[in-house]
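In this text, residue positions in the sequence shown follow the working numbering: the first is 52, and each later residue adds one. Cβ coordinates follow ideal geometry from the N, Cα and C atoms, glycine included. Everything below concerns the one structure shown next.
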Amino acid sequence: MKTDVQIAQEAKMLPIIEIANKLGIKEEEITAYGKDKAKIDLKVLTDREDKEDGKLILVTAINPTPAGEGKTTVNIGLSMALNRLGYNAVTAVREPSLGPSFGIKGGAAGGGYAQVVPMEDINMHFTGDMHAITTSHNLISALLDNHIQQGNALKIDTRRIIWKRVLDMNDRALRNIVIGLGGKSNGVPREDGFDITVASEIMAILCLSKDLMDLKERVGNILVAYSTENKPIFVKDLNAQGAVALVMKDAIKPNLVQTLENTPAFVHGGPFANIAHGCNSMIATQMALKTADYVITEAGFGADLGAEKFFDIKSRFGNLKPNATVIVATVRALKYNGGVDKKELQAENLEALKKGFVNLKRHIENVHKFGVPAVVAINRFPTDTEAELKYVQEETEKLGSVAVLTEVFAKGGEGGEDLAKAVIKTIEEKESNYKPLYDVNLSIKEKIETIAREIYRAGSVVYTKSVEKKIKDIEAIGLDKMPICMAKTQYSFSDDPKLLGAPEGFELTISDIKVSNGAGFIVALTGDIMTMPGLPKVPAANNIDIKEDGEIVGLF
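See below:
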């Protein structure tokens with residue numbers, strides 16, 4: 052089979068204005084980036100404020116494994132399948148980050164014959180949103196350090212600055228650094244560090260804001276440090292929110308592209324799901340809901356991270372009403388969860404499949420806790436046996452859901468028609484009674500422990516001494532009545548990536564906690580989760596190249 056980039060480069064794309072017209076968007080409402088990419092004016096959303104929303108379908112997955120699951124691929128394939136069946140459907144997904152693209156994870160534009168295109172642009176610089184976020188974040192950092200250098204009127208305690216710098220790259224050497232060296236004119240020496248851009252609070256704010264003025268207000272509310280008198284210091288104290296809003300004036304507009312089968316696709320915003328809230332922008336999702344009858348969106352990694360945050364953070368803030376959830380699984384990944392080595396996944400192994408099915412079972416149970424019906428998409432591989440597929444389908448039915456085979460990677464929209472029919476049937480027959488898992492007015496610990504108990508099945512939660520103090524500090528300044536954004540390994544329900552399947556009764560350690568006051572949530576970090584990834588021994592970048600004739604190779 053051809054590589055993803057070869058398939059993408061052979062795509063017969065329509066001019067982006069034709070894609071926009073499918074959604075009733077006029078030429079004067081778009082800013083074209085060449086022939087096949089466009090920014091959509093926010094006026095499209097405000098002008099349709101009274102229009103009834105379409106149906107919202109969330110695509111999530113089991114915990115990711117080296118065997119592969121294909122969540123974004125199924126998302127895109129489902130949107131194409133719905134259009135093949137005559138429905139007006141769009142996909143709304145996240146923008147890829149350059150860090151993972153050059154690292155080990157790869158991009159986020161789908162795969163095979165279920166991709167959004169132009170794939171190489173989307174996975175690289177696209178329309179510059181990531182650069183705008185990086186610049187905005189580091190502008191705040193520069194203004195903060197300049198304030199200290201110019202007399203420090205706010206009495207910022209340089210030992211209690213919680214705002215790091217960011218870079219859209221996996222670079223472990225920048226996790227902990229010292230800045231301000233080289234003499235008085237070069238600033239005040241202090242410890243600092245870098246996070247990856249997609250972990251920036253500016254990214255979270257972009258993805259949760261309703262318009263540019265809302266973004267500006269949220270940026271002003273970002274907590275960046277504490278003073279020597281223990282007072283919180285916000286971005287508005289540095290008077291930086293106006294400049295940031297200016298930098299973000301185009302980035303806040305959703306990007307419109309298309310799939311390989313010319314289905315409209317909103318690709319906008321890209322926070323990681325293991326260290327951030329993992330959903331595409333609220334504006335893009337709401338715009339999709341006002342311009343299509345069915346919207347297929349996604350949440351990052353497994354449902355214990357992405358879906359939980361989609362329901363408890365994004366849906367809560369945006370007053371979204373998800374109608375159904377699709378949980379992507381593969382027989383291979385379930386056998387891996389059952390203890391089978393990656394090299395032996397091709398062989399039939401019903402015993403291992405039974406052991407590993409508990410991972411899917413728990414995700415189905417968790418989605419049902421939010422009151423949303425679930426459909427399982429079995430992303431079929433050629434080595435899957437009939438006995439294995441039958442087992443997953445029968446066990447899923449016992450849980451009140453249906454499992455449907457999909458082959459969108461190899462067949463595009465045609466390979467997702469059975470899934471599309473099952474999703475439509477579920478929406479028509481099962482009413483969604485969506486509700487968040489917890490009340491934001493509970494204490495920080497009560498909210499953390501609710502997620503740990505109900506979603507992860509932890510036996511207890513342990514807080515380090517530094518976290519205990521930070522919780523008291525957060526409560527003292529009245530910033531505790533917000534949702535919790537858990538930063539946790541994506542590979543397990545626990546904080547130990549090696550605990551596969553469906554562990555329970557384990558001890559969950561909260562190693563750090565911080566307030567994302569502008570975004571409107573509190574980040575609780577578990578175990579040794581990193582907010583700046585590193586590159587693997589052989590980075591994907593080593594195999595990426597461009598030839599003299601413009602052909603791109605090695606990009607998935």
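Here the alpha carbons of Leu195 and Lys215 stand approximately 11 Å from one another. Phe460: member of the alpha helix (DSSP H) spanning Val459 to Lys462, first to last residue. DSSP, reduced to helix, strand and coil, places Leu129 within a helical segment of the structure shown. Annotation: the continuous alpha helix (DSSP H) that includes Ile334 extends over Met333 to Thr342. Taking the C-beta atoms as reference points, Ala343 is found no nearer than 8 Å to Cys330. The continuous stretches of beta strand (DSSP E) do not include Thr314, and DSSP gives it neither H nor E. For Thr447, the enclosing alpha helix (DSSP H) stretches over residues Glu437 to Lys449. In this structure, Gly463 sits near Glu312, with a CB-CB distance shorter than 8 Å. Only buried fits Ala354, as 16 or more other CB atoms lie within 10 angstroms of its CB.
Unbroken alpha helix (DSSP H) stretches of 4 residues or longer found wholly inside the segment 513-578: 516-527, given in chain order. When only Cα atoms are considered, Thr54 and Val474 end up about 29 Å apart.
The segment 407-414 and the segment 433-447 touch, with three or more beta-carbon pairs separated by less than 8 Å. Inclusion of Glu359 and Ile502 in the CB contact set at 8 Å is warranted, their separation being smaller than that value.
Residue burial is scored here from C-beta neighbours: Leu232 has fewer than 16 other C-beta atoms within 10 angstroms and is therefore classed as exposed. Where Lys498 is concerned, the enclosing alpha helix (DSSP H) starts and stops at Ile495 to Ile502. Lys420 places its beta carbon less than 8 Å from that of Leu488. The alpha-carbon separation between Asn189 and Leu257 amounts to approximately 15 Å. For Ser148 and Met333, the gap between their C-alpha atoms comes out near 18 Å. When C-beta atoms of the segment 307-324 are compared with those of the segment 137-144, three or more pairs fall below 8 Å, so the two segments count as touching. Less than 8 Å separates the beta-carbon of Ala89 from that of Thr82. Excluding residues up to 5 positions away in sequence, Asn388 lie with their Cβ nearer than 6 Å to the Cβ of Leu551 in the same chain. Under DSSP, Phe245 takes part in a beta bridge, and its partners are Arg216. For Lys106, the three-state secondary structure derived from DSSP is strand. Glu599 carries a coil assignment under DSSP once its states are collapsed to helix, strand and coil. About 6 Å separates the Cβ atoms of Ala471 and Leu136, confirming a contact at the 8 Å cut-off. In this chain, Lys90 is not harboured by any alpha helix (DSSP H); it is covered by the beta strand (DSSP E) spanning Ala89 to Ile91. For Pro587, there is no enclosing beta strand (DSSP E), since its DSSP letter is neither H nor E. Here Ile429 is near Thr381, since their CB atoms are less than 8 Å apart. Contact check for Phe544 against His328 fails: the beta carbons are separated by 8 Å or more.
Of the candidates Ile68, Val95, Phe607 and Thr186, the residue whose Cα lies closest to the Cα of Leu340 is Val95. Per DSSP, Thr142 is one residue of the beta strand (DSSP E) stretching across Ala140 to Val144. Two segments are said to touch when three or more pairs of C-beta atoms, one from each, lie closer than 8 Å; by this definition the segment 239-256 touches the segment 565-584. By the Cβ neighbour-count rule, Ser152 is buried, with 16 or more other Cβ atoms within 10 Å of its own.
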